[in-house]
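Just so we're aligned, residue -16 is where the sequence shown starts under my numbering, counting upward by one. Yeah, the Cβ is synthetic: ideal placement off N, Cα and C, and Gly gets one too. No experiment lies behind these values; they were computed from the predicted model shown.
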Amino acid sequence: MQLELRHLRTLRTVRDHGSLNRAAAALGVSQPALTNQLKRIEESLGGAVFRRGTRGVEPTPYGEFILAKARTALSAFDDILAAHPDETPVRSVRLGTVASPMALDLADRLGFLLSGAPVTVRTEGAVRTLLEMVAGQQLECAVVGDYPGYDARPEPPVEYRLIAVEPVFIAVGAQHPLAARDEVDLDELAEETWVLPPSDGMGWPEHLVDTCEARGFTPRVRYRLVDNSLRRELIATGRAVSPVQPTFRTDAGITVRPIKGDPMWMRYHLVWHGKGPLAPYGDELVRLAQQSYTATMENASGYLAWAARRGGMAGNGTE
């Protein structure tokens, strides 16, 4: 794992709270996720930063050295981020997004980048709506998605940069015969009943239909739903299967599996107005979005297992 500034911030948070429980709450992650991340950080550094005891955690002698250097590095980086003397301060940010678990993490990072400017988050099912809102400066930036064969590239002056590419997984009921597989062959889903969302206007679920038809079958779609809770109920009760993101929650009788050969992919992009208040921050925005994506995926066990079998994450240019 390549060490990043966010990992130093994690170490600082653990040190400040003296407890993995309290640090996890402050970071907005579960304690097991923080414990696993801390283990990877210590492995990358080559030694233990903290010792665990009955009263919490405290730095080791090596950890004191690392934390002192981290404090200096973070302070210097914060000064760099704050140094925009020729720019008008950004007073607030309206972030739009498709359904993505990275949105809240990105909102936090944007607020930090912009010296505490408040960030509001708005979700939209239609990618075209988000692009139009950025073009009309009703949003400062947005996370949008598209698919192979369905390019969401906007017209200038809206800027458009790739964040990440991820595979589409399949969700089935925990009692479904395919739930026992490590991977599911798409052909094995030919006779299943599907639940899909309405079209987002940018290639979904058309990409799914195209892929299935290229394999010789048309998915039998009985349900087209916006409501995610009802979709989860249909999957958990065995009434339908559904294509999902790798981060889709697997509780309540639902199993999420990769599709063999990864026949379907989704691309995440960050868009912002080229003449808007965030224009001077373009490269930093993309870097933060990529870090948010990586941080989100580090807590997705199904995705990590998939990535381990393939020797790494699907790719977003950060690690």
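- When the five nearest sequence neighbours on each side are left out, the beta carbons in the same chain lying within less than 8 Å of the beta carbon of residue 120 are those of 256, 259, in order along the chain.
- Spatial neighbours of residue 60 in its own chain (CB-CB distance under 8 Å, excluding positions within 5 residues in sequence) are listed in chain order as -12.
- For secondary structure counted as the beta strand (DSSP E) over 3 or more consecutive residues, the region 118 to 177 holds these complete runs in sequence order: 124 to 129, 141 to 150, 152 to 156.
- Per DSSP, reduced to three states, the secondary structure at residue 289 is helical.
- In the assembly as shown, residue 202 is a buried residue. Its beta-carbon has 16 or more other beta-carbons within 10 Å.
- DSSP places residue 26 in the helix class (H, G or I) of the three-state scheme.
- Cβ contact annotation for residue 181 (same chain, cutoff 6 Å, sequence separation greater than five): 207, in chain order.
- In this model, residue 246 and residue 125 are separated by some 27 Å (Cα to Cα).
- According to DSSP, residue 255 shares a beta bridge with 124, 142.
- If you compare the alpha carbons of 2, 58, 16 with that of residue 37, the shortest gap goes to 2.
- Under the Cβ criterion (8 Å, minimum of three pairs), the region 218 to 230 counts as touching the region 153 to 163.
- In the DSSP assignment, residue 41 falls within the beta strand (DSSP E) that extends over 39 to 42.
- Sequence-distant Cβ neighbours of residue 144 in its own chain, meaning closer than 6 Å and more than five residues away, are 253, 269.
- In the DSSP assignment, residue 33 falls within the beta strand (DSSP E) that extends over 33 to 36.
- About 11 Å separates the beta carbon of residue 111 from that of residue 186, a gap too long to meet the 8 Å contact definition.
- If the five residues before and after residue 28 are omitted, its C-beta is found closer than 6 Å to no C-beta atom of its own chain.
- Residue 225 carries a strand assignment under DSSP once its states are collapsed to helix, strand and coil.
- When only Cα atoms are considered, residue 205 and residue 172 end up about 14 Å apart.
- Of the candidates 76, 95, 131, 118, 76 places its Cα closest to the Cα of residue 105.
- A contact is defined here as three or more CB-CB pairs under 8 Å, and the region 37 to 50 fails this definition with respect to the region 233 to 241.
- One thing to note: residue 225 has its Cβ no nearer than 8 Å to the Cβ of residue 169.
- For a cut-off of 8 Å, the C-beta gap from residue 82 to residue 251 is around 11 Å, too long to register as a contact.
- The three-state reading of DSSP puts residue 201 in coil, since its state is none of H, G, I, E or B.
- By the Cβ-count criterion, residue 79 is buried, with 16 or more other Cβ atoms from all chains shown falling within 10 Å of its own Cβ.
- Burial state of residue 209 is exposed, judged by a 10 Å Cβ sphere holding fewer than 16 other Cβ atoms.
- Of 273, 199, 130, -9, the smallest CA-CA separation from residue 55 is found for -9.
- In the structure shown, residue 215 adopts helical secondary structure according to DSSP, grouped into three states.
- Under the rule that a run must span 4 or more residues, the alpha helix (DSSP H) segments found entirely inside the region 77 to 107 read 86 to 96.
- If you look at residue 5, you'll find it in the alpha helix (DSSP H) that goes 3 to 10.
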